[in-house]
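For the record, the sequence lines run as chains U and D. The first sequence begins at 1 in the working numbering and counts up by one. The second sequence begins at 1 in the working numbering and counts up by one. Positions of the beta carbon are idealized from the N, C-alpha and C atoms, including for glycine. No experiment lies behind these values; they were computed from the predicted model shown. Working notes, beginning with the structure itself.
Protein chains: 2
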Amino acid sequence: MSLYTDLDTAPRILLGPGPSMVPPRVLRTMATPVVGHMDPQFLAVMDDVKELLRSVFVTQNELTVPVSGTGSAGMEAALVNFIEPGDPVLVCHAGYFGERIAEIASRTGAELRTLAAPWGEAFSATQIAAELRAHRAKLVAIVHGETSTGVQQPLEEISEVVHAHGALLLVDAVASLGGVPFSVDTLGADICYTGSQKCLSCPPGLAPITVGSHAVNVLADRHSKVQSWYLDLSLVRKYWGTDRVYHHTAPVNLNYALREALRVVCEEGLENVFARHAAVSEMLWQGLEDLGLTLMVSPDLRLRTLTTVRVPDGVDDAVVRRRLLHEFNIEIAGGLGAFRGKAWRIGLMGHSARPENVLALLGALERLL
Amino acid sequence: MSLYTDLDTAPRILLGPGPSMVPPRVLRTMATPVVGHMDPQFLAVMDDVKELLRSVFVTQNELTVPVSGTGSAGMEAALVNFIEPGDPVLVCHAGYFGERIAEIASRTGAELRTLAAPWGEAFSATQIAAELRAHRAKLVAIVHGETSTGVQQPLEEISEVVHAHGALLLVDAVASLGGVPFSVDTLGADICYTGSQKCLSCPPGLAPITVGSHAVNVLADRHSKVQSWYLDLSLVRKYWGTDRVYHHTAPVNLNYALREALRVVCEEGLENVFARHAAVSEMLWQGLEDLGLTLMVSPDLRLRTLTTVRVPDGVDDAVVRRRLLHEFNIEIAGGLGAFRGKAWRIGLMGHSARPENVLALLGALERLL
Chain U
1 MSLYTDLDTA PRILLGPGPS MVPPRVLRTM ATPVVGHMDP QFLAVMDDVK
51 ELLRSVFVTQ NELTVPVSGT GSAGMEAALV NFIEPGDPVL VCHAGYFGER
101 IAEIASRTGA ELRTLAAPWG EAFSATQIAA ELRAHRAKLV AIVHGETSTG
151 VQQPLEEISE VVHAHGALLL VDAVASLGGV PFSVDTLGAD ICYTGSQKCL
201 SCPPGLAPIT VGSHAVNVLA DRHSKVQSWY LDLSLVRKYW GTDRVYHHTA
251 PVNLNYALRE ALRVVCEEGL ENVFARHAAV SEMLWQGLED LGLTLMVSPD
301 LRLRTLTTVR VPDGVDDAVV RRRLLHEFNI EIAGGLGAFR GKAWRIGLMG
351 HSARPENVLA LLGALERLL
Chain D
1 MSLYTDLDTA PRILLGPGPS MVPPRVLRTM ATPVVGHMDP QFLAVMDDVK
51 ELLRSVFVTQ NELTVPVSGT GSAGMEAALV NFIEPGDPVL VCHAGYFGER
101 IAEIASRTGA ELRTLAAPWG EAFSATQIAA ELRAHRAKLV AIVHGETSTG
151 VQQPLEEISE VVHAHGALLL VDAVASLGGV PFSVDTLGAD ICYTGSQKCL
201 SCPPGLAPIT VGSHAVNVLA DRHSKVQSWY LDLSLVRKYW GTDRVYHHTA
251 PVNLNYALRE ALRVVCEEGL ENVFARHAAV SEMLWQGLED LGLTLMVSPD
301 LRLRTLTTVR VPDGVDDAVV RRRLLHEFNI EIAGGLGAFR GKAWRIGLMG
351 HSARPENVLA LLGALERLL
């Protein structure tokens with residue numbers, strides 16, 4: 001490909017940790033001509049997006065909007081809006097993205113404490129309760145589906161503990177929302193965000209976030225301004241709410257795409273979506289074990305949307321991934337951090353979570369290993 | 001439109017301050033299936049985008065990338081990467097977007113000074129020299145094309161003055177880049193950003209930025225971390241550079257679109273692009289004056305890509321704009337801040353800057369006024 005040639009890419013079967021494959025109708029809708037970011041036609045799209053997002057977050061939260069950036073922008077927005085310098089904050093990390101939360105929180109002036117669990121494991125409510133008894137926190141951040149390890153963190157008891165200690169619960173649902181059962185309101189998550197390009201199967205560039213009333217009050221009662229103007233939800237909500245005060249130019253076409261991607265999810269129905277992810281993940285896990293491969297996470301903690309599998313002894317991690325991509329147009333990912341070179345990461349997210357994709361991957365792995 | 005219906009928008013003639021209209025081939029290219037953000041196919045797209053961006057910024061700067069957010073994210077990135085708490089910073093503002101720069105700078109811990117000029121006017125190098133003699137600054141920020149006033153700020157002498165005082169020059173070229181002659185390297189701008197949705201005629205969601213070697217050194221020599229992890233260019237450049245270290249998931253399809261939009265500009269050729277903007281802006285200005293309307297900015301400071309025109313006495317600003325939109329599908333914008341209710345803002349940016357659009361607008365205004 002040169003600068004003088006049209007974009008001409010081989011289509012990939014995307015079984016990495018995201019982006020996932022995007023349904024053709026979503027891509028087509030994204031290519032609708034642009035209208036202005038204050039056009040009544042676009043304001044209607046914004047209203048639809050908010051309502052559809054509430055359906056997938058399973059929440060009544062009024063402040064439910066897509067942040068105009070990728071998942072990491074959502075992560076940063078989820079932190080900087082609710083933390084002021086000197087605030088005690090607890091970040092629980094058992095993988096790469098938990099560590100990223102801690103890194104971002106460390107840049108807010110928070111009085112930051114971290115609680116670590118080994119990669120591939122989860123936190124218990126007891127651990128977190130002990131930590132909160134020893135050190136008060138205003139906000140506790142934790143990852144629901146850790147993309148780097150393939151662990152799904154149980155959250156029900158942790159939510160009770162966090163709220164019993166008067167803290168806000170911030171949940172990273174980037175890899176899990178729209179793939180496994182999850183309800184913001186049932187859980188009582190105060191702040192929760194995801195990325196458009198994971199189980200929602202919209203192209204990357206938006207980070208849906210939802211904020212409960214308690215956290216909205218914390219935002220309203222701040223003593224200092226939010227350190228990021230771009231991610232300041234007190235300004236963003238005036239644009240996305242009924243005030244319609246201009247803040248920034250929303251990514252119009254990505255919002256077209258998000259509306260359509262959310263409609264795809266809602267038309268299938270969340271229960272059916274979860275059942276499909278459950279069925280294809282069982283198929284993948286069984287198939288990998290039939291190939292003699294070892295899964296990294298015990299069945300009770302295994303995340304259906306992202307599977308980690310041990311790279312067998314004597315096998316070159318990178319060579320296998322390169323051959324999958326170049327010979328079969330299949331993308332999976334290598335390990336991050338503590339799992340680098342040790343694990344492959346196989347995503348089954350949204351539109352990618354289909355049996356034919358699992359069969360293609362298993363067939364390709366059988367030939368390559 | 002309801003949630004149950006397909007997106008179905010009337011196409012608009014976009015003559016506001018951005019987004020501008022997007023060529024069909026750019027929209028079509030954006031709808032290319034997603035590939036992974038670390039796929040060699042996407043890495044090649046990133047390299048093309050960087051090279052094409054250097055052509056339109058007219059710079060050799062290695063650090064030339066699209067920030068994964070809209071123009072305001074570019075603005076924030078241009079500030080937070082180069083300012084540390086206590087740094088003396090001078091922001092020159094003569095309009096809404098200059099004021100926004102000051103607002104964002106005020107959240108960095110900078111020792112902020114501002115210099116104001118009346119809306120509709122520009123700064124002289126003498127003014128800025130006097131200010132810098134009185135108060136040292138590490139960085140001076142100024143807007144090239146102020147979208148709220150329609151003023152094009154002359155910058156050559158100011159660049160000399162700023163550099164003579166040892167400061168970095170930060171230029172907001174959101175409304176001007178790709179519409180009027182401008183060269184980052186000839187001017188000596190140390191930091192410069194724009195938005196994808198203005199004269200480059202790509203959908204909104206990316207903010208190209210370019211950083212010269214002096215500013216790169218300032219970034220490298222920081223004592224403190226950049227307050228925004230998402231916008232931290234020392235991390236972003238490791239992903240966009242040869243290291244290819246994962247930072248965040250780039251908005252893949254928007255980068256497809258940006259590559260194509262930049263190719264459109266480069267195929268036409270910058271000189272031809274500028275000549276087209278010059279011709280249609282002359283046509284617009286003459287046509288507005290023939291209708292008896294008054295332009296807000298004197299000819300020597302008038303920005304070709306964004307024209308401000310006085311709302312005639314006795315005419316309801318909002319009614320005219322609403323009728324333009326609903327009866328003729330033409331978008332123009334109202335005034336912001338000091339110009340609210342007093343001026344209309346008419347953009348001629350990129351693919352929108354065509355004579356047939358000017359004729360449609362003039363014809364519609366003739367009927368409505």
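4-residue-minimum alpha helix (DSSP H) runs that sit fully inside the stretch 275 to 360 of chain D, ordered along the chain: As far as the stretch 275 to 360 of chain D is concerned, its whole alpha helix (DSSP H) runs of at least 4 residues are 317 to 328.
Residue interval of the alpha helix (DSSP H) (run including residue 28 of chain D): Taken as a continuous stretch (DSSP letters only), the alpha helix (DSSP H) holding residue 28 of chain D covers 24 to 30.
Selection from U/328, U/23, U/58 that minimises the alpha carbon distance to residue 353 of chain U: Looking at the Cα atoms, U/23 is the closest of the given residues.
Proximity below 8 Å, CB of residue 120 of chain U to CB of residue 149 of chain U: A contact, by the Cβ cut-off of 8 Å.
Residue 228 of chain D vs residue 76 of chain D beta-carbon contact at 8 Å: It is a contact, given that the beta carbons lie within the stated cut-off.
Cα-Cα separation between residue 370 of chain U and residue 313 of chain U, rounded to whole angstroms: No information on residue 370 of chain U is available, as it lies outside the stretch 1 to 369 that chain U covers here.
Residue-level contact to chain U via CB, residue 239 of chain D, 8 Å cutoff: No, no contact with chain U.
C-beta atoms of residue 190 of chain U and residue 169 of chain U nearer than 8 Å: Taking C-beta atoms as the reference points, residue 190 of chain U and residue 169 of chain U count as a pair closer than 8 Å.
Residue 229 of chain U: contacting residues in chain D (beta-carbon distance under 8 Å): Residues of chain D passing the Cβ test: 72, 76, 100, 103, 104, 107.
Element boundaries [alpha helix (DSSP H), containing residue 111 of chain D]: Annotation: residue 111 of chain D is outside any alpha helix (DSSP H); the continuous beta strand (DSSP E) that includes it extends over 111 to 116.
Which of helix, strand or coil DSSP assigns to residue 246 of chain U: Reduced to three states, the DSSP call for residue 246 of chain U is coil.
Coarse secondary structure for residue 10 of chain D, derived from DSSP in three states: If DSSP states are grouped into helix, strand and coil, residue 10 of chain D belongs with coil.
Contacts that residue 61 of chain D makes with chain U (C-beta to C-beta distance below 9 Å): By Cβ distance, chain U contributes nothing, its closest Cβ being about 18 Å from residue 61 of chain D, past 9 Å.
Same chain only: Cβ atoms within 8 Å of residue 58 of chain D, ignoring 5 sequence neighbours per side: Taken in chain order, the residues that qualify are 182, 183, 184, 185, 186, 270.
Classification of residue 4 of chain D by the beta-carbon crowding that lies within 10 angstroms, buried from 16 upward: Residue 4 of chain D is exposed by the Cβ-count criterion.
Beta strand (DSSP E) runs contained entirely in the stretch 159 to 215 of chain D, provided each spans 3 or more residues: Taken in chain order, the unbroken stretches of beta strand (DSSP E) that lie wholly in the stretch 159 to 215 of chain D and span 3 residues or more are 168 to 172, 191 to 193, 207 to 211.
Beta-carbon separation (whole angstroms), residue 199 of chain U vs residue 70 of chain U, contact threshold 8 Å: Contact doesn't hold; Cβ gap of about 15 Å is too wide.
Members of the stretch 193 to 214 of chain D that neighbour chain U once the beta carbon cut-off is set at 8 Å: So the close ones are 195, 197, 203, 204, 205.
Proximity test, Cβ basis, 8 Å: residue 9 of chain U and chain D: Residue-level contact check: residue 9 of chain U touches chain D, since one or more beta carbons of chain D fall below 8 Å from its beta carbon.
Assigned exposure category for residue 68 of chain U - 16 Cβ within 10 Å defines buried: It is buried - the Cβ of residue 68 of chain U has at least 16 other Cβ atoms within 10 Å.
Beta-carbon gap between residue 33 of chain D and residue 27 of chain U smaller than 8 Å: Here residue 33 of chain D is near residue 27 of chain U, since their CB atoms are less than 8 Å apart.
Proximal residues to residue 55 of chain U (C-beta, below 7 Å), its chain only, five neighbours per side dropped: Hits under 7 Å: 266.
First through last residue of the beta strand (DSSP E) which encompasses residue 141 of chain U: Here the beta strand (DSSP E) through residue 141 of chain U covers 139 to 143.
Nearest-angstrom Cα separation, counted from residue 337 of chain U out to residue 303 of chain U: Near 18 Å, if we compare the C-alpha coordinates of residue 337 of chain U and residue 303 of chain U.
Residue-chain proximity (residue 175 of chain U, chain D), Cβ-Cβ < 8 Å: Contact of residue 175 of chain U with chain D is not assigned, every C-beta pair being separated by 8 Å or more.
Simplified DSSP state of residue 63 of chain U, which is helix, strand or coil: In the structure shown, residue 63 of chain U adopts extended strand secondary structure according to DSSP, grouped into three states.
One or two residues paired with residue 266 of chain D in a DSSP bridge: Looking at the DSSP assignment, residue 266 of chain D forms no beta bridge with any residue, so it has no partner.
Nearest-angstrom Cβ-Cβ length linking residue 141 of chain U and residue 105 of chain U, presumed shorter than 8 Å: Here residue 141 of chain U really is in contact with residue 105 of chain U; their C-beta atoms are around 7 Å apart, less than 8 Å.
Residue 36 of chain D vs residue 7 of chain U beta-carbon contact at 8 Å: With contacts defined as CB atoms closer than 8 Å, residue 36 of chain D and residue 7 of chain U fail to qualify as a contacting pair.
Chain-order list of residues whose beta-carbon lies under 6 Å from that of residue 328 of chain U (same chain, five-residue window excluded): So the qualifying residues of the chain are 364.
Test item: CB-CB of residue 102 of chain U and residue 117 of chain U under 8 Å: It is not a contact, given that the beta carbons lie outside the stated cut-off.
Residue burial classification, residue 288 of chain D (beta-carbon count within 10 angstroms, cutoff 16): Its Cβ being crowded by 16 or more others within 10 Å, residue 288 of chain D is buried.
is_contact[residue 31 of chain D, chain U] using C-beta, thresh 8 Å: Closer than 8 Å: yes.
Check whether residue 311 of chain D and residue 347 of chain D have beta carbons under 8 Å apart: Contact flag unset, no.
From D/367, D/251, D/167, D/230, residue whose alpha carbon lies closest to that of residue 137 of chain D: Selected option, being the one with the closest Cα: D/167.
Short CB-CB distance (under 8 Å) between residue 251 of chain D and chain U: Cβ-Cβ to chain U under 8 Å: yes for residue 251 of chain D.
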